[in-house]
Amino acid sequence: MSEEYQYPPIESRRRARQEWDAQRIRALRLHMRMTQQQMANELEVRQQTISEWETGIHRPHRSTQKTLSMVAERAGFVYDADAPQLEEPEEA
């Protein structure tokens, strides 16, 4: 008749890991109204790297994905795949 104690579920304090695919990276950059070069300067990578991420040739490393998540949070960026596409910022 002894019932086994059921522990309450533990809520994870970790945030769900965001997948930084080509569309999300481009959407973040446009949300911040940055050119690829400006975004590259912000992340300390080459402009070509940003282009390769946005075209899906390469994906950012895990450490860079964490940086992208922090930048997105700081910028108030919430990704919505169904949202209308923003325009490219003009070169300064």
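The opening residue of the sequence shown carries number 876 in the working numbering; numbering runs sequentially from there.
Every residue gets a Cβ at the ideal spot worked out from N, C-alpha and C, and that includes glycine.
None of these values were measured; they are calculated from a predicted model.
Query	Result
Roughly how many whole angstroms lie between the Cα atoms of E825 and Q912?	Beyond the ends of the chain as shown, which are 876 and 967, falls residue 825; an answer cannot be given.
In chain order, what residues of the same chain lie with their CB nearer than 6 angstroms to the CB of F952, ignoring the 5 residues before and after it?	L903 and H906
For I932, which of helix, strand or coil comes out of DSSP?	coil
Any idea if M914 is buried or exposed, counting beta-carbon neighbours within 10 angstroms, 16 or more meaning buried?	buried
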